[in-house]
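A.B. asks: Residues in the sequence shown are numbered from 10 upward in steps of one, following the working numbering. C-beta: ideal position from N, C-alpha, C; glycine also.
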Amino acid sequence: MRNGQDVPLFQRRTYQKECGMMRCFYSIVALVIGALPSLAALGQVVRVGTETPAVPTITVQGEGVVRVQPDRATLRFAIVTRDLDPERARQRNAEAARRALNAIRTLGIEPRYLHLETLTLHPVREYNPSRRQWEEKGYEVRRVLRVELTDLDRLPAVVALAVQRGANRLQGIQYDVSNREEIRIAALQAAVQNAREKARQMLTVLNREVGNPIRVTEQALEFPRPVWRADLAALRTTEASPEPEAYAVGDIEVRARVEITFSIR
């Protein structure tokens, strides 16, 4: 088998066919390997084309302040009675509360604005320094009378009548406004305008302009309800009760803060 003449014909044909197949296989592998850099480059081009370019932004905080006069108030009176017998203490308290309510009703205050709240009863103990011990002094009953006013001009008369007819403690007067939602929105709008103006002033120095808002965040909203307190002893007579101006607490300042991110043009 040193030359082709010694190999049978059918073996030579089989050998030639196998050689042809191997050459074809190596050609396909070379073609695939050669194409890999092109495919990788094509993938890189696609990825670069789909990336979103960075947008320059500026983030600022703004504050808005709205000042309003209160137009309503909530008064809380305490009716406190004491007695050695708990039932008599409760009855005396109920009578004092009834007198105070009836007196306030004479001013034209609607029943829906008058509320008798918590009723508590507890023993009273006082320390006797000479005997160096605590002593039982009967029972105390406490009831809270809440009055809501939408007409502040009636406030002095309500306080005077309540303390004359049974209420012996004025816990405080809390002021408020009736259109809270409108004021809240106005404060937020002022805060947004303040933030945009801040951004405009800073970008003007850089020869740039404020673009569209990208993110707006409400950070805080302060809506105070001021409380007025008085010396009850000075209010026990109608003549001694202050005029409406004496109960004034001034304007209510509503503050809103926002944070806004703007695009830069």
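Quick check: Ile273 and Thr83, are their CB atoms within less than 8 angstroms of each other?
C.D. replies: For the purposes of this step, residue 273 is taken as the residue at position 264 of the sequence shown. For the purposes of this step, residue 83 is taken as the residue at position 74 of the sequence shown. Their beta carbons are not under 8 angstroms apart, which means Ile273 does not touch Thr83 by this criterion.
A.B. asks: Taking Cβ to Cβ, would you say Arg91 is nearer than 8 angstroms to Glu149?
C.D. replies: Here residue 91 refers to the residue found at position 82 when the sequence shown is read from its first residue. Here residue 149 refers to the residue found at position 140 when the sequence shown is read from its first residue. Yes. Within cutoff.
A.B. asks: At the level of alpha carbons, what is the spacing between Val186 and Glu145?
C.D. replies: Start at 1 with the first residue of the sequence shown, and residue 186 comes out as number 177. Start at 1 with the first residue of the sequence shown, and residue 145 comes out as number 136. So the alpha carbons of these two residues sit roughly 46 angstroms apart.
A.B. asks: On the three-state DSSP scale, how would you describe Asp162?
C.D. replies: Numbered from 1 along the sequence shown, position 153 holds the residue referred to as residue 162. Of the three classes helix, strand and coil, the one that applies to Asp162 here is helix, per DSSP.
A.B. asks: Are the region 101-112 and the region 178-198 touching, with three or more C-beta to C-beta distances below 8 angstroms?
C.D. replies: No, because fewer than three Cβ pairs between the region 101-112 and the region 178-198 fall closer than 8 angstroms, the two stretches do not touch.
A.B. asks: Runs of 3 residues minimum, wholly inside the region 66-148: which ones carry the beta strand (DSSP E) assignment?
C.D. replies: Fully enclosed beta strand (DSSP E) runs of 3 or longer: 66-77, 81-92 and 123-137.
A.B. asks: Could you name the residues that DSSP lists as bridge partners for Thr213?
C.D. replies: For the purposes of this step, residue 213 is identified with residue 204 of the sequence shown, where counting begins at 1. DSSP lists no partner for Thr213.
A.B. asks: Would you report the Cα separation of Phe86 and Gln142, rounded to the nearest angstrom?
C.D. replies: The residue given as residue 86 occupies position 77 in the sequence shown. The residue given as residue 142 occupies position 133 in the sequence shown. Taking the straight line from one Cα to the other gives about 33 angstroms.
A.B. asks: Could you name the residues that DSSP lists as bridge partners for Gly175?
C.D. replies: Residue 175 sits at position 166 when you count from the first residue of the sequence shown. According to DSSP, Gly175 bridges with nothing at all.
A.B. asks: Ends of the beta strand (DSSP E) at Gly220?
C.D. replies: Against the sequence shown, residue 220 aligns to sequence position 211. Segment Val219 to Glu231, the beta strand (DSSP E) holding Gly220.
A.B. asks: Taking buried to mean at least 16 other C-beta atoms within 10 Å of its own C-beta, is Gly259 buried or exposed?
C.D. replies: Numbered from 1 along the sequence shown, position 250 holds the residue referred to as residue 259. Under this definition Gly259 is an exposed residue.
A.B. asks: Report back the beta-carbon spacing between Arg266 and Ala229 to the nearest angstrom; my notes put them in contact at under 8 angstroms.
C.D. replies: Within the sequence shown, numbered from 1, the residue matching residue 266 stands at position 257. Within the sequence shown, numbered from 1, the residue matching residue 229 stands at position 220. About 5 angstroms; that satisfies the 8 angstroms criterion.
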